[in-house]
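For the sequence shown, the UniProt record's numbering begins at 1 and goes up steadily by one.
Glycine included, C-beta positions come from ideal geometry on N, C-alpha and C.
Down below is the structure, laid out as structure tokens.
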Amino acid sequence: MISRACHPLLFNLPYTTRRLGNLAPNLIVKVSAPRKSRHCLNPFFSTASLMGSVSALKEPLEYPIPRRDDSVVDDYHGVKIADPYRWLEDPDAEEVRDFVQKQVKLTESVLQQCEAKDKLREKITKLFDHPRYEVPFKRGNKYFYFHNTGLQAQNVLYVQDSLEGEAQVLLDPNSLSDDGTVSLSSLSVSEDAKYLAYGLSSSGSDWVTIKVMRVEDKSAEPDTLSWVKFSGISWTHDSKGFFYSRYPAPK
């Protein structure tokens, strides 16, 4: 997993609903980071300075203009609040998908003109190409931990019966989808280590689907929870269930 604090080049890009053309010079050139994470950025300084090549675009950028629907107005205790872009909240709507694809096309057209992207990719790949382990934790009589061999997109969850036991893959998020768009967003192992409840997110969405697996044989339970967002997973002490929060299914 890439740290947001250590890699503002990848995450802290300006976001606005205004035309992107006015922001092109700031898109990648002006990169800021908290002082506490400045030491993480040293390997990127030489490459970051080269990213300014995208600011000299050959043609003005034409940012896709979202449709404004002034008919959507909520009345909260006599106070009317307009929400003209509510239609963008439906990720499955064809109009929303079309708007997102136009945004993607615009972004790619900018990045394709970046002369330093190959050098940046090479440097990032070199920095991340090493084995990494997360802090292990114990549930029941089993030990769990995440491990990444180096260039795996997501860390893999391992389990072993003892400190000297052989580690086995319990859940590999990299195998959940062919295109890598499904990610592991949360998980919780029951106190007796019989069950693993885990949340999956598609294409970076905040919406999460929770599934349950039997740890012993890695078999999936039939229960699936949808429309979960910003929720933890907390097992009861008897492992007969867990607490979570979810939203009503859209009508």
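Discussion item. On the criterion of 16 or more Cβ atoms from any shown chain inside 10 Å, does residue 199 qualify as buried, or is it exposed?
Written reply: The residue given as residue 199 occupies position 199 in the sequence shown. Flag for residue 199 reads buried.
Worksheet entry | Inter-residue spacing [alpha-carbon to alpha-carbon] between residue 118 and residue 130 | For the purposes of this step, residue 118 is taken as residue 118 along the sequence shown, with counting starting at 1. For the purposes of this step, residue 130 is taken as residue 130 along the sequence shown, with counting starting at 1. Approximately 20 angstroms, taken between the alpha carbons.
Worksheet item: Can you give the Cα-Cα distance for residue 135 and residue 172, rounded to whole angstroms?
Response: Your numbering for residue 135 matches position 135 in the sequence shown. Your numbering for residue 172 matches position 172 in the sequence shown. Taking the straight line from one Cα to the other gives about 17 angstroms.
Discussion item. Using 8 angstroms for Cβ pairs, my map puts residue 188 next to residue 233. What's the rounded Cβ distance?
Written reply: As a first step, residue 188 must be located in the sequence shown, where it is residue number 188. As a first step, residue 233 must be located in the sequence shown, where it is residue number 233. Sure, about 4 angstroms apart at Cβ, within 8 angstroms.
Discussion item. Let me confirm a value: residue 142 is counted as buried when at least 16 other C-beta atoms fall within 10 Å, else exposed. Which label applies?
Written reply: By 1-based counting over the sequence shown, the position of residue 142 is 142. By the 16-neighbour rule on beta-carbons within 10 angstroms, residue 142 is buried.
Worksheet item: CA-CA distance, residue 176 and residue 201?
Response: Locating residue 176 in the sequence shown gives position 176, counting from the first residue. Locating residue 201 in the sequence shown gives position 201, counting from the first residue. About 11 angstroms.
Worksheet item: With 9 angstroms set as the bound, which would you pick, yes or no: does the beta-carbon of residue 143 sit closer than that to a beta-carbon of chain C?
Response: Absent from the structure is chain C; it holds one protein chain and no more.
Worksheet item: Ends of the alpha helix (DSSP H) at residue 75?
Response: Counting from one through the sequence shown, the residue named residue 75 turns up at place 75. Residue 75: not part of any alpha helix (DSSP H); member of the beta strand (DSSP E) spanning 73 to 76, first to last residue.
Worksheet item: With a CB to CB cut of under 6 angstroms and the five nearest residues on each side skipped, what residues in its chain are close to residue 132?
Response: Taking the first residue of the sequence shown as 1, we reach residue 132 at position 132. These residues qualify, in order along the chain: 148.
Practice prompt. Using only alpha-carbon positions, find the residue among 223, 216, 196 and 191 that is nearest to residue 237.
Written response: Locating residue 237 in the sequence shown gives position 237, where the first residue counts as 1. The residue with the shortest Cα to Cα distance from residue 237 is 191.
Worksheet entry | Buried/exposed call for residue 210, threshold 16 Cβ in 10 Å | For the purposes of this step, residue 210 is identified with residue 210 of the sequence shown, where counting begins at 1. Buried: at least 16 other Cβ atoms inside 10 Å.
Worksheet item: What span of residues does the alpha helix (DSSP H) with residue 160 cover, start to end?
Response: Along the sequence shown, one-based indexing puts residue 160 at 160. Annotation: residue 160 is outside any alpha helix (DSSP H); the continuous beta strand (DSSP E) that includes it extends over 156 to 160.
Worksheet item: What is the rounded straight-line gap between the Cα of residue 206 and the Cα of residue 250?
Response: Position 206 of the sequence shown, counted from the first residue, corresponds to residue 206. Position 250 of the sequence shown, counted from the first residue, corresponds to residue 250. Spanning the alpha carbons of residue 206 and residue 250 requires a straight line of approximately 15 angstroms.
Fill in: Own chain partners of residue 239 with C-beta closer than 8 angstroms, once the 5 adjacent residues on each side are dropped
By 1-based counting over the sequence shown, the position of residue 239 is 239. The residues are 190, 191, 192, 194 and 195.
Worksheet item: Which one of 101, 150 and 116 has the shortest CA to CA distance from residue 125?
Response: Position 125 of the sequence shown holds residue 125. With distances taken between Cα atoms, residue 125 lies closest to 150.
Discussion item. So, with DSSP's three-state summary, where would you put residue 134?
Written reply: One-based indexing of the sequence shown puts residue 134 at position 134. Under the three-state reduction of DSSP output, residue 134 falls in the coil class, being neither helix nor strand.
Practice prompt. For residue 141, name the three-state secondary structure that DSSP assigns.
Written response: Your numbering for residue 141 matches position 141 in the sequence shown. Coil.
Discussion item. Using C-beta distances below 8 angstroms, list every residue in its chain close to residue 93, excluding the 5 sequence neighbours before and after it, in chain order.
Written reply: Position 93 of the sequence shown, counted from the first residue, corresponds to residue 93. Closer than 8 angstroms at the Cβ level, and outside the excluded window around residue 93, lie 87.
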